[in-house]
Amino acid sequence: MKIIIAGAGEVGTHLAKMLSTENQDIILVDSDQARLDDLDSNYNLMTCQGSTSSFQTLRDIGVEECDLYIAVTPFETRNITSCAIAKKLGAKKTVGRIDNSEFLRDKNKQILKSIGVDYLIYPENLAALEINTALSHNWARYWGELHDGKLLLIGVKLHQDSDLLNLKIKDLPVKSHDFHIAAIKRNNETIIPTGNDEILHDDILYFITTSKYVNEVMTLCGKKKRVIKKIMIMGGSRIALRFARLFSNNYNIRIIDTNRDHCEYMATEFPECEIVHGDGLDIEVLRQNNIYQYDAFLAMTESSESNILSCLTAKDFGVCKTLADVENLQFFSQAENLNIGTIINKKLLASSHIFKLLLDADESSAKFLSLADADVAEVLVKPGAKITRHPVRDLKLPFGMTLAALTRNDEVMLISGNTEIQPGDSVVVFCLTGTFNKLEKWFN
Amino acid sequence: MRRNSVTNFFRHKSYINIRMLLRVIGWLLLVEACIMIIPCIAGLLYGERSTLQFLICIGITTGVAFGLMSLRPKSREMGKREAILLTGMTWVILSLFGMLPFLICHTHFTITDAFFETMSGFTTTGASVLNTLDNVPHSIILWRCICQWIGGLGIIIFTLAIIPMLNYAGGMQLFNAEVTGITHDKLRPRISSTAKGLWMVYIFLTIILMVLLTFSDMNLFESICYGLSTMSTGGFATSDMALNEWDSTYIKSVMVVFMFLGGVNFALLYKVAHGQFKGLLRNDALKAYLIIFAVAYIVFTLNIIYRGMVTEIEDVTIDPLFQAISILSSTGITEPDFNDWGPIAVIIMVIMMIMGACAGSTSGGAKIDRFIILVKFLGNEFYRMMHPSAIRTVVINGKGTPQPILLKPLAFLFLNVIFILVCSVGLLVCGLQLKDAFFCCLSAVSNTGLGTDMTGVSGNYNAVSDGAKWLLSFLMLTGRLEIYTVLLIFTPAFWKK
Numbered sequence: 001m002k003i004i005i006a007g008a009g010e011v012g013t014h015l016a017k018m019l020s021t022e023n024q025d026i027i028l029v030d031s032d033q034a035r036l037d038d039l040d041s042n043y044n045l046m047t048c049q050g051s052t053s054s055f056q057t058l059r060d061i062g063v064e065e066c067d068l069y070i071a072v073t074p075f076e077t078r079n080i081t082s083c084a085i086a087k088k089l090g091a092k093k094t095v096g097r098i099d100n101s102e103f104l105r106d107k108n109k110q111i112l113k114s115i116g117v118d119y120l121i122y123p124e125n126l127a128a129l130e131i132n133t134a135l136s137h138n139w140a141r142y143w144g145e146l147h148d149g150k151l152l153l154i155g156v157k158l159h160q161d162s163d164l165l166n167l168k169i170k171d172l173p174v175k176s177h178d179f180h181i182a183a184i185k186r187n188n189e190t191i192i193p194t195g196n197d198e199i200l201h202d203d204i205l206y207f208i209t210t211s212k213y214v215n216e217v218m219t220l221c222g223k224k225k226r227v228i229k230k231i232m233i234m235g236g237s238r239i240a241l242r243f244a245r246l247f248s249n250n251y252n253i254r255i256i257d258t259n260r261d262h263c264e265y266m267a268t269e270f271p272e273c274e275i276v277h278g279d280g281l282d283i284e285v286l287r288q289n290n291i292y293q294y295d296a297f298l299a300m301t302e303s304s305e306s307n308i309l310s311c312l313t314a315k316d317f318g319v320c321k322t323l324a325d326v327e328n329l330q331f332f333s334q335a336e337n338l339n340i341g342t343i344i345n346k347k348l349l350a351s352s353h354i355f356k357l358l359l360d361a362d363e364s365s366a367k368f369l370s371l372a373d374a375d376v377a378e379v380l381v382k383p384g385a386k387i388t389r390h391p392v393r394d395l396k397l398p399f400g401m402t403l404a405a406l407t408r409n410d411e412v413m414l415i416s417g418n419t420e421i422q423p424g425d426s427v428v429v430f431c432l433t434g435t436f437n438k439l440e441k442w443f444n
Numbered sequence: 001m002r003r004n005s006v007t008n009f010f011r012h013k014s015y016i017n018i019r020m021l022l023r024v025i026g027w028l029l030l031v032e033a034c035i036m037i038i039p040c041i042a043g044l045l046y047g048e049r050s051t052l053q054f055l056i057c058i059g060i061t062t063g064v065a066f067g068l069m070s071l072r073p074k075s076r077e078m079g080k081r082e083a084i085l086l087t088g089m090t091w092v093i094l095s096l097f098g099m100l101p102f103l104i105c106h107t108h109f110t111i112t113d114a115f116f117e118t119m120s121g122f123t124t125t126g127a128s129v130l131n132t133l134d135n136v137p138h139s140i141i142l143w144r145c146i147c148q149w150i151g152g153l154g155i156i157i158f159t160l161a162i163i164p165m166l167n168y169a170g171g172m173q174l175f176n177a178e179v180t181g182i183t184h185d186k187l188r189p190r191i192s193s194t195a196k197g198l199w200m201v202y203i204f205l206t207i208i209l210m211v212l213l214t215f216s217d218m219n220l221f222e223s224i225c226y227g228l229s230t231m232s233t234g235g236f237a238t239s240d241m242a243l244n245e246w247d248s249t250y251i252k253s254v255m256v257v258f259m260f261l262g263g264v265n266f267a268l269l270y271k272v273a274h275g276q277f278k279g280l281l282r283n284d285a286l287k288a289y290l291i292i293f294a295v296a297y298i299v300f301t302l303n304i305i306y307r308g309m310v311t312e313i314e315d316v317t318i319d320p321l322f323q324a325i326s327i328l329s330s331t332g333i334t335e336p337d338f339n340d341w342g343p344i345a346v347i348i349m350v351i352m353m354i355m356g357a358c359a360g361s362t363s364g365g366a367k368i369d370r371f372i373i374l375v376k377f378l379g380n381e382f383y384r385m386m387h388p389s390a391i392r393t394v395v396i397n398g399k400g401t402p403q404p405i406l407l408k409p410l411a412f413l414f415l416n417v418i419f420i421l422v423c424s425v426g427l428l429v430c431g432l433q434l435k436d437a438f439f440c441c442l443s444a445v446s447n448t449g450l451g452t453d454m455t456g457v458s459g460n461y462n463a464v465s466d467g468a469k470w471l472l473s474f475l476m477l478t479g480r481l482e483i484y485t486v487l488l489i490f491t492p493a494f495w496k497k
């Protein structure tokens, strides 16, 4: 598949890197040569220096035969223009990044579609929705829903009070197949567990379960549900503002920001939120704002380091749920090991969203979620596939790959050793990075 | 418990992933073993004893290849360091196995000679230690030419095109380490398709050349061998007489055209093959290549006329043309009477040897592209002495060049000069005469393969000592990989964690 990515900003760069390892033809366009140089010499993709809304540039890189055109420059209007041009020049599908929620309304979407922007991607909006999910399921580290919430992927960090500690997976106190532990994240490693793997303190377990058994998983992990009402946000970034815009009716929000002008702007734009001018990294400021009364603390400044540290501080003050925006991918894994609740990353969210779009274009496989070094995919089983030949326990699947659940005739079920997979099922697979390309062998 | 887990990216980069390196080399050896089948078949057709011996070589190479391929690396990650090390190791190890046929089939070879001959082949230098080709089996002659042909565009690029395993970021770096030139054009987004594109052009041109050569007095075997060694601008011959056996204007004309094409950037040829002619007219390196070619021809011709050596029309038409392009493209086939052309011809030859042809071609030398930058840069410097406040950039192919890219070729040219001087001293120590030492060193670094007094212009290196042969082999490799890649491995910074 030929994919053109216009704009080598954070999202564009990340997408290009990810897709280039997935056997796709990637061309990355940006007007700034310096941004392209490193990518060009180190990744398996082609770069082109030029304006993203120039007919000449787009023709030069062969936009007429491209399957997906992704415009992710920081400028909304430029993205829309370049998508429109690309579409008219023959791109099959176009995706444009926007930062205006107006465009997301259905009737407006139609207008954009008519001028050539097929899909819209609004990373801040995705992040805001993700934050809301994390807050409403605050006992989990990660919460992902599939098939309209029938199938759930839940990541939980285990603390002292869990019943599961120091048990081997095969000895778990569960009846039949209520859930499936699909992956364990321990220190910097992701493990696809077998029956003999033991569950240790501070592991992050990834459960696949159906909505019926969520409460059981919660109790097993020794977690309790808390209702979150009062939220303190440090840093009035775009994600924070988007979150405030969407959910200011559901929560009491207080935003702390260091920039006075920005505070005044927020005060006029978001009258229902309390705005405080001050440095959220300053413990005195936090204390003055009664941080111990808050249910949740969101660290949303530009600096990933400050976000991580301030979340740790907030935990010390007894805030039950903290959430940090970590845009720096190098810190991602480190941050997961620390005792911060959920970590938000705009880039990962945006790229997994675009992966979903790829699913629409290319039916064979769909990676829809990227954990730090594991991928989750939903794959349609083709007739005669190797995987249908035996029950799961006799399949001898490669290490680093596990089958979690399947959907058959709109019915969701978890997979156990005795399950026999049939053609036409769509199967949720967990695999470590690097084993993803083996999927094809098993499912086609 | 850890066996089914992968390490996170924090763990990488702290060591060299040697298992992965060896595994990839295993793959490369397998490819080499497959290529050895071709001379083996040739031996079979000619009913030579060497067929069986070639089978032994194939067996050894395949065995080692499978041995290395069975290594299971802990991670498949390959960084810059691995890529550079792999490129260097690949050329050395493939030469070590490539010399097996010489050792096994042709008993006169010592290890030194065999290694020199193979390295000279792979790097398309074309210098030989064989005194005579008379008793050498056909399969060996073909193998020499195949070595040149594979090495011409690059062993690793060849592998990139056919082994999907390298089709990822690590492969990209291998590509960068092996392809000559300052910047590397990508033809297609994926590295394997780029490599395939380049090889298609190369194979296509080679086949046309072979077909054209069969129309001459050459037999099929000779056409194939000359096709392989000319397209790769290597210049191995099939007999002692080399081209003088035929002395045909037709053969020379065909070879002039294809040696010229061998010196053109293959990315450019690929684009032309796809109907994009725009870049052709705008390409400064190509223009300069043509101009230098023309100037060399004129100087050679005037020189011949001045010395009163004109006896027939070929002496001022095809002969100087052939000589000029043969040196410029680093093929290194010489006219029989070149020794009589005098010192001016030799000086022109030395200049052309240093220069080489366009970057991204099969030729050697420091590449015209870099000299264009140097000349334009110097032009700007002179201009700035008169107009100190003027801001000018070096314009290449109609585009301004940013400062950092500008410094690279200038540093390279400087390094090239120093490297040749230092290594000439090394050859002096090995017992060569001053003129010989300098000339052989230049000839090896530029992958031309010409010699002078002691070695003879046609380049027979049998007379030099063993030490000098090893040093020359090293020089050929360093020159082929454009100095940096090889020298980097010898810097302490490369090995520091």
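These protein sequences, in sequence, are chains A and B.
Residues in the first sequence are numbered from 1 upward in steps of one, following my numbering.
Residues in the second sequence are numbered from 1 upward in steps of one, following my numbering.
Just so it is clear, CB atoms sit at the ideal spot from N, CA and C, and this is done for glycine as well.
Can you tell which of the options has its C-alpha closest to the C-alpha of residue i?
{"i": "S229 (chain B)", "options": "B:I60, B:G126, B:G356, B:L52", "result": "B:G126"}
{"i": "I203 (chain B)", "options": "B:L328, B:S239, B:I150", "result": "B:I150"}
{"i": "Q56 (chain A)", "options": "A:P74, A:G235, A:S82, A:V95", "result": "A:S82"}
{"i": "P164 (chain B)", "options": "B:I182, B:S193, B:Y270, B:H138", "result": "B:S193"}
{"i": "D106 (chain A)", "options": "A:Y119, A:D99, A:R97", "result": "A:Y119"}
{"i": "C225 (chain B)", "options": "B:A357, B:D240, B:W143, B:I156", "result": "B:W143"}
{"i": "L220 (chain B)", "options": "B:P492, B:S446, B:L45, B:G364", "result": "B:L45"}
{"i": "L152 (chain A)", "options": "A:A385, A:N100, A:L439, A:V376", "result": "A:V376"}
{"i": "R393 (chain A)", "options": "A:A183, A:I415, A:A374, A:E378", "result": "A:I415"}
{"i": "Q422 (chain A)", "options": "A:L241, A:N409, A:E264, A:I308", "result": "A:N409"}
{"i": "F474 (chain B)", "options": "B:W495, B:G360, B:S424", "result": "B:S424"}
{"i": "H353 (chain A)", "options": "A:I5, A:A8, A:K2, A:L15", "result": "A:L15"}
With a threshold of 8 Å on Cβ separation, who are the neighbours of residue i within its own chain once the five nearest residues in sequence on each side are excluded?
{"i": "I16 (chain B)", "result": "R81, E82, L85"}
{"i": "V214 (chain A)", "result": "L152, I154"}
Could you tell me the distance, in whole angstroms, from the CA atom of residue i to the CA atom of residue j?
{"i": "L407 (chain B)", "j": "D37 (chain A)", "result": "16 Å"}
{"i": "K186 (chain B)", "j": "T118 (chain B)", "result": "30 Å"}
{"i": "Y142 (chain A)", "j": "G155 (chain A)", "result": "4 Å"}
{"i": "Y289 (chain B)", "j": "L329 (chain A)", "result": "47 Å"}
{"i": "F338 (chain B)", "j": "F266 (chain B)", "result": "30 Å"}
{"i": "K435 (chain B)", "j": "L428 (chain B)", "result": "9 Å"}
{"i": "V63 (chain A)", "j": "C48 (chain A)", "result": "12 Å"}
{"i": "M401 (chain A)", "j": "T194 (chain A)", "result": "10 Å"}
{"i": "E10 (chain A)", "j": "K347 (chain A)", "result": "7 Å"}
{"i": "T159 (chain B)", "j": "G170 (chain B)", "result": "13 Å"}
What in chain B is Cβ-close to residue i, meaning under 8 Å?
{"i": "L343 (chain A)", "result": "With the sequence shown as reference, residue 343 (chain A) is identified as Ile, and Leu is not the correct amino acid for it. Chain B residues near I343 (chain A): none, gap ~15 Å exceeds 8 Å."}
{"i": "D25 (chain A)", "result": "R188, P189, R190, S193"}
Is residue i near the ligand ATP, with its Cβ less than 7 Å from a heavy atom?
{"i": "V422 (chain B)", "result": "Among the ligands in the structure shown, none appear at all, so the ligand ATP cannot be discussed."}
Keeping to the same chain, check which residues put their C-beta closer than 7 Å to that of residue i; ignore five residues upstream and five downstream.
{"i": "T485 (chain B)", "result": "I84, T87, G88, A177"}
{"i": "R23 (chain B)", "result": "L68, M69, L71, P73"}
{"i": "A84 (chain A)", "result": "I115, G116, V117"}
If you drop the 5 nearest sequence neighbours on each side, which residues of the same chain put their C-beta closer than 6 Å to that of residue i?
{"i": "G234 (chain B)", "result": "T124, G126, Q148"}
{"i": "M210 (chain B)", "result": "S223, I224, G227"}
Just to make sure I have the definition right: I need the residues of chain B whose C-beta is within less than 9 Å of the C-beta of residue i. Which are they?
{"i": "S101 (chain A)", "result": "Those do not exist, as S101 (chain A) stays about 34 Å from chain B at its closest Cβ, beyond 9 Å."}
For a contact defined as C-beta to C-beta under 7 Å, what are the partners of residue i on chain B?
{"i": "S351 (chain A)", "result": "Ordered by position in chain B, no residue passes the 7 Å Cβ test against S351 (chain A), which lies about 16 Å from the chain."}
Residues in the region 112–139 of chain A having any Cβ partner in chain B nearer than 7 Å: Against chain B - using a Cβ distance shorter than 7 Å - the region 112–139 of chain A contributes no residues.
Members of the region 43–72 of chain A near chain B, C-beta cut-off 7 Å: If the cut-off is 7 Å between Cβ atoms, the region 43–72 of chain A has Y43, N44, L45, M46 near chain B.
Contact set between the region 383–415 of chain B and chain A, restricted to residues whose Cβ is under 8 Å from the partner: Taking a C-beta cut-off of 8 Å against chain A, the contacting residues of the region 383–415 of chain B are P402, listed in chain order.
Interfacial residues, the region 302–316 of chain A to chain B, with Cβ spacing under 9 Å: For chain B, none of the residues of the region 302–316 of chain A brings a beta carbon within less than 9 Å of one of its beta carbons.
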